[in-house]
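**Q** Take this structure, written in structure tokens, and hold onto it; I'll ask about it next.
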Amino acid sequence: MASTAAILALILLLLPPIALAAGDLNGFRATLTRIHQLSPGKHSEAVRRDGHRLAFLSYAATAAAGKATTTGTNSSSVNVQAQLENGAGAYNMNISLGTPPLDFPMLPSTHAGASPRRPVHAVEGSVVQSTPLLKNPYLQRSTLYYVNLTGIAVDSTELPVTGSTFGFTQTGLGGGTIVDSGTTLTYLAKDGYAMVKQAFQSQMANLNQTTPASGAPYDLDLCYKPSAGGGGKAVRVPRLALRFAGGAKYNVPVQNYFAGVEADSQGRVTVACLLVLPATDDLPISIIGNLMQMDMHLLYDIDGGMFSFAPADCAKL
């Protein structure tokens, strides 16, 4: 039964999006269960689960490039049942088929290639920002849609991002940037990540409220401990902003990119880390993960070729 469930879940995940009629734009509502609750002490598990997700995306991109293999010790084939059980995504959803109904797990995914062709919930108003959806010119068979990440600012410092930093490349798996709900943390192309890391290190040192800490116990890279003289006050963290083609700008809330990973017995944060990592060698694609999407309305308008976002209070939805 487990194998059947895994196969059906994969089929449902890969089914083409349903084009909704004009009168059916209300869509449907389903319960999503977050596989892993992120809290201090749990970030290593999140990184481990991201590893499964990145392997899944790497296989999809490799297949689109016509380079997928199915044999050998370094096989890039994906065991679908293992992906469901080990978390090749951040959320699970159960569906029922047949009479009597049988429950099957499903991995909902919003990396644009798996999104509705028509908007289910309207995202409109003056706070909405939009940027074009792109297809990778070097991966013609890819089901992913990309966005053009054109710049990053850390506080008032505009990083020296160029068109090649997060752009498409003819080598590897084609580079580019995707927005993916199945990946928890955010992963940036190595050159871009190095810029972000250097800017944070410089500005955190200038603020003089923290001391560097090892990120190894949490499988993270850039971590800090509050300075002894801080008096228990919240540590100030440099602001982070992402810029996209067309003028869209996302001022990322601090909790979406910097959080406590360890706390004392009284719940006070003792170590906090940047929730951004460099892209892996196996998947040299920049990925904006679901932590950076928290409290946001996201709209993938496939027909219109646009990706839109607006702030939301998801606790009240």
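Residue numbers (mature numbering (1 follows the signal peptide of the UniProt record, and there is no 0)): -21 to -1, 1 to 296. Where is the CB? At the ideal position from N, CA and C, for every residue including glycine.
1. When you compare only the Cα positions, how much space is there between valine 233 and glycine 30?
2. What is the C-beta distance between leucine 164 and leucine 256, in whole angstroms, given that I count them as a contact (C-beta under 8 angstroms)?
3. In chain order, which continuous runs of the beta strand (DSSP E) of length 3 or greater are located wholly inside the stretch 144 to 211?
4. Would valine 158 pass as a contact of isoleucine 281 if the rule is Cβ separation under 7 angstroms?
5. Please report how far the alpha carbon of threonine 189 lies from the alpha carbon of arginine 222, in whole angstroms.
6. What does a CB cutoff of less than 8 angstroms around cysteine 202 pick up in its chain, not counting 5 residues either side in sequence?
7. Starting from valine 26, trace the alpha helix (DSSP H) both ways and give me its first and last residue.
8. Work out the CA separation of phenylalanine 145 and aspartate 292 for me, nearest whole Å.
9. Please classify alanine 184 as buried or exposed, where buried requires at least 16 other C-beta atoms within 10 Å of its C-beta.
10. Rounded C-beta distance between tyrosine 117 and glycine 153? I'm assuming under 8 angstroms.
11. Just the C-alpha distance for glycine 283 and arginine 247, rounded to the nearest angstrom, thanks.
12. Out of Ser23, Ser121, Ser181, Thr148, point me to the one whose CA is closest to glycine 45's CA.
13. Could you tell me the alpha carbon to alpha carbon distance between leucine 219 and asparagine 269, rounded to whole angstroms?
**A** To lay it out plainly:
1. Indexing the sequence shown from 1 puts residue 233 at position 254. Indexing the sequence shown from 1 puts residue 30 at position 51. One C-alpha to the other measures close to 24 angstroms.
2. Here residue 164 corresponds to residue number 185 of the sequence shown, with the count starting at 1. Here residue 256 corresponds to residue number 277 of the sequence shown, with the count starting at 1. Going by Cβ atoms, the distance from leucine 164 to leucine 256 rounds to 6 angstroms, so yes, they are a contact pair.
3. 156 to 158, 165 to 167, 189 to 192, 202 to 205
4. Walking along the sequence shown from the start, residue 158 turns up at place 179. Walking along the sequence shown from the start, residue 281 turns up at place 302. For valine 158 and isoleucine 281, no; Cβs fall outside 7 angstroms.
5. Walking along the sequence shown from the start, residue 189 turns up at place 210. Walking along the sequence shown from the start, residue 222 turns up at place 243. Approximately 28 angstroms between the Cα atoms of the pair.
6. Locating residue 202 in the sequence shown gives position 223, where the first residue counts as 1. These residues qualify, in order along the chain: Pro191, Ala192, Ser193, Gly194, Val240, Val250, Ala251, Cys252, Leu253.
7. Locating residue 26 in the sequence shown gives position 47, counting from the first residue. Unbroken alpha helix (DSSP H) run through valine 26: 22 to 43.
8. Residue numbering aside, residue 292 sits at position 313 when the sequence shown is read from its first letter. Residue numbering aside, residue 145 sits at position 166 when the sequence shown is read from its first letter. Looking at the two C-alpha atoms, the distance is approximately 30 angstroms.
9. Taking the sequence shown and counting its residues from 1, one reaches residue 184 at position 205. Its Cβ having fewer than 16 others within 10 Å, alanine 184 is exposed.
10. Here the question's residue 117 lines up with position 138 in the sequence shown. Here the question's residue 153 lines up with position 174 in the sequence shown. The Cβ separation is near 4 angstroms, so the contact holds.
11. As a first step, residue 283 is located in the sequence shown; it is residue number 304 there, counting from the start. As a first step, residue 247 is located in the sequence shown; it is residue number 268 there, counting from the start. Whole-angstrom Cα-Cα distance: 47 angstroms.
12. The residue labelled residue 45 in the question sits at position 66 within the sequence shown. Ranking the options by Cα distance to glycine 45, first place goes to Ser121.
13. Residue mapping note: residue 219 aligns to position 240 of the sequence shown, counting from 1. Residue mapping note: residue 269 aligns to position 290 of the sequence shown, counting from 1. Using only the alpha carbons, I get a separation of about 16 angstroms.
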